[in-house]
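Participant: In the working numbering, the protein residues as written are 84 to 277.
Submitted below is the structure of interest, expressed as C-alpha cells.
Laid out in C-alpha cells, this is it:
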C-alpha cells in the first residue's frame, strides 16, 4: 500500500507543479479542464493468473488537462462493476463489487493521416469499492492499464476511438490481503470538444 500511495502522491504533486509552471503557457495547458470530455466504455476479462476469474465493466469519464505535440494528459473518474470470483484454498469466493474513484491517462501519439490518430494509452485509477474486492482483499485498489488506441475525428469537435487493452493489473499494493488479478480487453470512446 505504501508504494502505491507514494506513486499516487508523486503523480498528484507533479500535476500540481506542472499546472503552476505552465499556467501562463496556453499552448501547453488547456484553457479549461472542461473544454473536452471523453467517455470510455471498457470491458476487461481475467487473464494470466490461475484462480482469478474477475471481469471488470468500466466507464471512464475524462477531460484533457494538458496537450503537448505528441503527449496529452487526461484526468477524471472511473466507475467499475466487477463480476466474478477467486479461488483460495479450494474455495470459490464471490468477488462482485461496485467501485468509483479518480483516474488519469497519459496518451502518446498523434495524427497519422487525415482525421485518423494512433496512440499508446497508459491509465491508472484508484477505486473504492462497496465491499472488500476481490474477496479477502480490501475495499480499494489500483487499476493500471496499457494499450494501443486508434481514433477517428468524425467532425471538428468530435471523435470516436477504440483501445485494445493489452494488459491491466488490479491490486491494492499491500503485501497481505492483496489477491491482485490481471486482465485484458478493449474499450470504445467518444470524445467531444466544446
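Cβ atoms here follow ideal geometry from the backbone N, Cα and C, with glycine treated the same way.
1. Can you grab the Cα-Cα spacing for the pair residue 119 / residue 154, in whole Å?
2. So, is residue 213 buried or exposed, given that buried needs 16 or more other C-beta atoms within 10 angstroms?
3. Can you tell me the Cβ-Cβ gap for residue 138 and residue 167, rounded? I've got them flagged as a contact below 8 Å.
4. What is the DSSP secondary structure of residue 108, reduced to helix, strand or coil?
5. Tell me which residues share the same chain as residue 135 and place their Cβ nearer than 6 Å to its Cβ, disregarding the 5 neighbours each side in the sequence.
6. Give every residue of the same chain whose Cβ lies closer than 6 Å to the Cβ of residue 234, excluding the five residues on either side of it in the sequence, and list them in chain order.
7. What number of angstroms, rounded off, separates the C-alpha of residue 165 from the C-alpha of residue 259?
8. If you run the structure through DSSP and keep just helix, strand and coil, what is residue 91?
9. What did DSSP end up calling residue 227 once you bin it into helix, strand or coil?
10. Given residue 159, which residues of its chain have a CB within under 7 Å of its CB, disregarding the five upstream and five downstream residues?
11. Can you tell me which of the three DSSP states residue 211 falls into?
12. Please look up how many angstroms separate the CB atoms of residue 141 and residue 161, rounded, as I've assumed it's under 8 Å.
13. For residue 108, count neighbouring C-beta atoms within 10 Å of its own C-beta (all shown protein chains included) and say buried if the count is 16 or more, exposed if not.
14. Going by DSSP, which residues form a beta bridge with residue 200?
15. What span of residues does the beta strand (DSSP E) with residue 254 cover, start to end?
16. Since I believe residue 206 is in contact with residue 228 (beta carbons under 8 Å), could you give me their beta-carbon distance rounded to a whole number of angstroms?
17. Which value, in whole angstroms, describes the spacing of the CA atoms of residue 268 and residue 251?
18. Determine the extent of the beta strand (DSSP E) in which residue 177 is found, giving its start and end residues.
Facilitator: The relevant details are as follows:
1. As a working note, residue 119 is residue 36 in the chain shown. As a working note, residue 154 is residue 71 in the chain shown. Taking the straight line joining both Cα atoms gives about 16 Å.
2. To locate residue 213, count along the chain shown from 1; it is residue 130. Looking at its Cβ environment, which holds fewer than 16 other Cβ atoms inside 10 Å, residue 213 is exposed.
3. Reading the chain shown from its first residue, position 55 is the one you call residue 138. Reading the chain shown from its first residue, position 84 is the one you call residue 167. Their Cβ separation, rounded to whole angstroms, is 5 Å, which keeps residue 138 and residue 167 in contact under 8 Å.
4. Residue 108 sits at position 25 when you count from the first residue of the chain shown. Per-residue confidence for residue 108 stands at a pLDDT of 43, beneath the threshold of 50, marking its modelled position as unreliable; no derived number is given.
5. For the purposes of this step, residue 135 is identified with residue 52 of the chain shown, where counting begins at 1. Within the same chain, residue 135 has close Cβ partners 129, 169 and 264.
6. Translated into the one-based positions of the chain shown, residue 234 becomes position 151. Only 200, 242 and 244 meet the Cβ criterion.
7. Within the chain shown, numbered from 1, the residue matching residue 165 stands at position 82. Within the chain shown, numbered from 1, the residue matching residue 259 stands at position 176. If I take the Cα positions, the gap works out to 21 Å.
8. On the chain shown, residue 91 is found 8 positions in, with the first residue counted as 1. Its pLDDT being 48, under 50, residue 91 is placed unreliably in this model, and the value from its coordinates should be taken loosely. Helix, per DSSP.
9. Position 144 of the chain shown, counted from the first residue, corresponds to residue 227. Strand at residue 227.
10. Here residue 159 is taken as the residue at index 76 of the chain shown, counted from 1. Contacts found: 143, 144, 145, 146 and 186.
11. For the purposes of this step, residue 211 is taken as residue 128 along the chain shown, with counting starting at 1. Of the three classes helix, strand and coil, the one that applies to residue 211 here is strand, per DSSP.
12. For the purposes of this step, residue 141 is identified with residue 58 of the chain shown, where counting begins at 1. For the purposes of this step, residue 161 is identified with residue 78 of the chain shown, where counting begins at 1. Sure, about 6 Å apart at Cβ, within 8 Å.
13. The residue labelled residue 108 in the question sits at position 25 within the chain shown. In this prediction, residue 108 scores a pLDDT of 43, lower than 50, which makes its location untrustworthy; the coordinate-derived value is nonetheless stated afterwards. Exposed is the call here.
14. The residue labelled residue 200 in the question sits at position 117 within the chain shown. 194 and 234.
15. Looking up residue 254 in the chain shown gives position 171. Element bounds for residue 254: 241 to 254.
16. For the purposes of this step, residue 228 is taken as the residue at position 145 of the chain shown. For the purposes of this step, residue 206 is taken as the residue at position 123 of the chain shown. Rounded, the Cβ-Cβ distance is 5 Å, consistent with contact.
17. Within the chain shown, the letter at position 185 stands for residue 268. Within the chain shown, the letter at position 168 stands for residue 251. Straight across, the Cα-Cα distance linking residue 268 with residue 251 is about 8 Å.
18. The count along the chain shown starts at 1 and reaches residue 177 at position 94. Taken as a continuous stretch (DSSP letters only), the beta strand (DSSP E) holding residue 177 covers 174 to 177.
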